[in-house]
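Asks:
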Amino acid sequence: MRKKIESALLFIFPLMLLGALFLNTHDIQANSEKESLQEMRKQRNNLINSEKFNEAIGVDNRIIQVYPNSNEAKGAKIDIANNYYRLGDYDKAVYAYKKLVDRPSYENIRCFILRRIALCYWNQKEYEQSIKEMKTLLIKYPQYKKDIQTKIALGYFYSQKYQEMVETYLDLVKTYPEDPQVAETTTKMMYLSSSQLENIPQKTIEVYRCIAEHHTKFKAESYYQIGSIYGNIGDLDKAMQAFKDAADNSKDDIFIAKTQTQMADIYEKFVKPDLARKTREDALARLSDTKPSVRGLQQVAEIHRKTGNSTEEIKALNTLVKEFQQTKAASDAQYRIAAIYQSQLKDPQRAIEEYGKMIKTYPNDWRVSICWRMIGGIYIELKDYNKAIEVQKRIMAINPNDPSPKVLIRLIEEYYKKGKTPSPAEVQGIAKGVS
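Residue numbers for the sequence shown follow this note's numbering, beginning at 3 and rising by one.
#1: Rounded to a whole number of angstroms, what is the C-alpha to C-alpha distance between Tyr364 and Ala399?
#2: What alpha helix (DSSP H) runs, 4 residues minimum, are completely inside the stretch 349-423?
#3: Does Phe220 come out as helix, strand or coil in the three-state DSSP assignment?
#4: Whole angstroms are fine: how far does the CA of Asn63 sit from the CA of Gln40?
#5: If I measure Cβ to Cβ from Ile30 and keep anything under 8 Å in the same chain, skipping five residues before and after, which residues do I get?
#6: Counting pairs of beta carbons, one from the stretch 235-252 and one from the stretch 282-292, are three or more of them closer than 8 Å?
#7: For Arg307, which residues of its own chain have a beta-carbon under 7 Å away from its beta-carbon, when the five flanking residues on both sides are left out?
#8: If distances are taken between C-alpha atoms only, which option among Tyr357, Lys205 and Gln394 comes closest to Tyr164?
#9: Leaving out the 5 sequence neighbours to the left and right, which residues in its chain are closer than 8 Å to Gly431 when beta-carbon positions are compared?
#10: Distance check for Pro426 and Tyr343, CA to CA, integer angstroms please.
#11: Does Lys274 come out as helix, strand or coil in the three-state DSSP assignment?
#12: State the start and end residues of the unbroken alpha helix (DSSP H) segment that holds Ile202.
#13: Using the C-alpha atoms, what's the distance from Phe220 back to Glu109?
#14: Measuring CA to CA, which of Gln145, Thr138 and Leu199 is closest to Phe496?
#15: Identify whether Ile235 lies in helix, strand or coil by the three-state DSSP scheme.
#16: Classify Leu194: buried if its beta carbon has 16 or more other beta carbons within 10 angstroms, exposed otherwise.
#17: Based on Cα-Cα distance, which residue from Arg396, Asp181 and Tyr387 lies nearest to Ala419?
#18: Let me check understanding here. Comparing Cα to Cα, which of Ile256, Ile133, Asn201 and Lys54 lies closest to Ala222?
#19: Roughly how many angstroms lie between the CA atoms of Glu128 and Cys122, to the nearest whole one?
#20: Quick one, which of Arg297, Gln45 and Ser52 has its alpha-carbon nearest Thr329's?
#21: Just to confirm my understanding: we take Asp367, look at its own chain, exclude 5 residues before and 5 after, and list those with CB closer than 6 Å. What are they?
#22: May I ask you to report which of helix, strand or coil DSSP gives Glu464?
#23: Less than 8 Å separating the Cβ of Gly229 from some heavy atom of the ligand GDP?
#24: Where Tyr417 and Pro424 are concerned, what is the direct C-alpha to C-alpha distance, given to the nearest angstrom?
#25: Considering Cα atoms alone, identify which of Asn401, Leu347 and Gln351 is closest to Ile372.
#26: For Thr152, which option in Gly378, Gln126, Pro405 and Thr187 has the closest C-alpha, if you only look at C-alpha atoms?
#27: Quick one: grab the DSSP three-state call for Ser107.
#28: Just to check my reading of the structure: Ala377 and Ile391 have Cβ atoms closer than 8 Å, yes? What is that Cβ distance to the nearest angstrom?
#29: Given Glu440, which residues of its chain have a CB within under 7 Å of its CB, disregarding the five upstream and five downstream residues?
#30: Measuring straight from C-alpha to C-alpha, what distance separates Arg352 and Leu289?
#31: Just how far apart, CA to CA, sit Arg279 and Glu355?
#32: Along the chain, where does the alpha helix (DSSP H) containing Asp81 start, and where does it finish?
#33: Where Ala32 and Ser38 are concerned, what is the direct C-alpha to C-alpha distance, given to the nearest angstrom?
#34: Between Asp93 and Glu415, what straight-line distance do the alpha-carbon atoms span, to the nearest angstrom?
#35: Quick one: give me the first and last residue of the alpha helix (DSSP H) that Lys137 is part of.
#36: Measuring alpha carbon to alpha carbon, tell me which of Pro350, Ile213 and Ser197 ends up nearest Tyr171.
What follows is the structure, encoded as structure tokens:
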């Protein structure tokens with residue numbers, strides 16, 4: 003019996019030892035796999051931190067292949083989409099995101115995925131598709147309506163769908179009437195789009211009125227915009243009332259003077275010249291009491307422009323150029339001064355001088371080449387053909403690819419110097435030959 007037991011033990015012990023070795027080997031292998039996965043994750047993260055996104059995608063693909071059922075593989079799939087997004091490869095990013103968006107395992111980040119899909123289209127300026135995706139996002143996550151609709155409205159602005167833009171902003175200001183951020187964003191975008199909203203006046207007025215009723219900060223400007231809209235559609239009584247409301251709700255003298263200028267224009271349309279004159283005088287008096295500023299001087303110049311007082315307009319514009327020379331408003335003013343001397347005052351020599359100041363003071367302004375053309379044209383009118391040719395050569399040096407100076411030189415040499423006027427066919431023939 004004892005020998006049988008010993009024999010049995012001798013048989014069982016190797017099996018136990020083999021089992022222990024097998025278990026230890028399995029555990030070692032599992033630990034080795036775990037360490038390998040950790041190493042791959044570390045490698046991937048380092049690549050992302052180094053902005054080596056293509057290489058990171060390669061590591062993520064290996065994780066998915068080697069450990070397909072792991073949580074790390076789940077994370078790698080979203081990480082691949084994110085890296086395509088970071089690379090600006092938006093088509094691949096959309097494809098990767100859309101493969102995941104409806105899977106239950108990505109429920110907790112579905113909002114993020116849908117937003118990223120919309121942004122992929124947005125970044126490619128595919129605004130209509132982006133808006134479509136954002137509307138899907140809005141249906142699923144209405145709690146983020148303010149942010150999503152603000153982006154949708156901006157998408158309509160970029161895609162030049164102004165009717166839809168106004169309707170979206172109207173819904174926003176009605177839904178969030180007390181929200182200052184909504185009011186500020188809406189006011190800004192409506193102002194930027196003002197020239198495009200002439201065909202949708204009533205809803206535009208409704209947007210501004212809603213803002214005016216709830217936000218003191220934007221009340222005066224909103225009423226001013228309402229007045230401008232009513233003026234454009236010919237409802238002068240309502241325009242006048244809106245401009246009065248704008249003035250009554252502002253403490254800014256320059257803004258009030260601007261509003262008074264609009265009211266004076268309406269008085270003229272009402273054939274009330276005395277009221278128009280008095281209102282402008284009140285505006286000028288108000289502006290004279292303010293500290294010199296770009297806005298104030300622009301408004302003074304505007305009032306004198308509307309009354310045809312070129313001398314006083316030039317005076318205001320010259321002050322603007324002198325006091326605020328490095329501003330865009332100053333370059334606009336200098337160009338306007340030259341144009342007044344050329345067109346209104348018919349003083350060609352002074353116009354040449356003022357265009358010359360524009361060229362010298364603002365050499366990088368986009369209108370420099372126009373100034374040279376104006377000077378060249380004035381010299382032709384004065385029959386100073388040699389100087390006109392010199393100017394054309396300067397224009398050629400500025401823009402060698404422009405054929406028009408060569409055409410003018412030939413016209414001067416072959417026609418104007420000889421006292422002849424070329425026919426349209428002759429001008430066309432020279433232009434064809436030069437080009």
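Ideal placement from N, C-alpha and C gives every residue a C-beta, glycine not left out.
Replies: Result, derived from the coordinates:
#1: Cα to Cα, the separation comes out at about 18 Å.
#2: Those alpha helix (DSSP H) runs which fall completely within the stretch 349-423 and span 4+ residues are 350-363, 370-383, 387-400 and 406-416.
#3: DSSP places Phe220 within a helical segment (H, G or I) once states are collapsed to three.
#4: Cα-Cα distance, rounded: 15 Å.
#5: Any answer about Ile30 is weak, because its pLDDT of 41 lies below 50 and its placement is not dependable; what the coordinates show is given next. If the five residues before and after Ile30 are omitted, its C-beta is found closer than 8 Å to no C-beta atom of its own chain.
#6: Contact fails: fewer than three Cβ-Cβ distances are below 8 Å.
#7: Once the five neighbours on either side are set aside, the close Cβ partners of Arg307 are Glu315.
#8: With distances taken between Cα atoms, Tyr164 lies closest to Lys205.
#9: Once the five neighbours on either side are set aside, Gly431 has no close Cβ partner at all.
#10: Roughly 29 Å between the two C-alpha positions.
#11: Three-state result, Lys274: coil.
#12: Looking at the DSSP string, Ile202 is not in any alpha helix (DSSP H), and its letter there is neither H nor E.
#13: When the Cα atoms are used, Glu109 and Phe220 turn out to be separated by approximately 41 Å.
#14: Outside the shown range of the chain, which is 3 to 437, sits residue 496, and nothing can be said about it.
#15: In this structure, Ile235 counts as coil in the three-state DSSP scheme.
#16: Classification of Leu194: exposed, given that the 10 Å Cβ count is below 16.
#17: Sequence inspection shows Lys at residue 419; the Ala mentioned does not correspond to that position. Checked all of Arg396, Asp181 and Tyr387; the closest Cα to Lys419 is Tyr387.
#18: Nearest in C-alpha terms to Ala222, of all of Ile256, Ile133, Asn201 and Lys54, is Ile256.
#19: Rounded to the nearest angstrom, the two C-alpha atoms are 9 Å apart.
#20: Residue Arg297 holds the alpha-carbon nearest to the alpha-carbon of Thr329 among Arg297, Gln45 and Ser52.
#21: Excluding sequence neighbours, Asp367 sits near Ser333.
#22: Not covered by the structure: residue 464. The range shown for the chain is 3 to 437.
#23: With respect to the ligand GDP, the structure offers nothing, as it holds no ligand at all.
#24: The straight-line gap from Cα to Cα measures roughly 6 Å.
#25: Selected option, being the one with the closest Cα: Asn401.
#26: Thr152 has its Cα closest to that of Thr187, out of Gly378, Gln126, Pro405 and Thr187.
#27: Correct three-state label for Ser107: helix.
#28: Looking at the sequence itself, residue 377 is Ile, so the reference to Ala does not match. Not really, about 12 Å apart at Cβ, beyond 8 Å.
#29: Limits of the chain in this structure are 3 at one end and 437 at the other, which puts residue 440 out of reach.
#30: About 29 Å.
#31: Whole-angstrom Cα-Cα distance: 33 Å.
#32: Judged by DSSP secondary structure, Asp81 falls within the alpha helix (DSSP H) whose first and last residues are Asn73 to Leu89.
#33: Because the pLDDT of Ala32 is 45, which lies under 50, any placement of that residue in the model is unreliable, and the number read from its coordinates should be weighed accordingly. So the two alpha carbons sit approximately 10 Å from each other.
#34: Here the C-alpha atom of Asp93 lies approximately 59 Å from the C-alpha atom of Glu415.
#35: Counting along the chain, the alpha helix (DSSP H) containing Lys137 begins and ends at Tyr129 to Lys142.
#36: Its Cα nearest to that of Tyr171, the residue Ile213 stands out among Pro350, Ile213 and Ser197.
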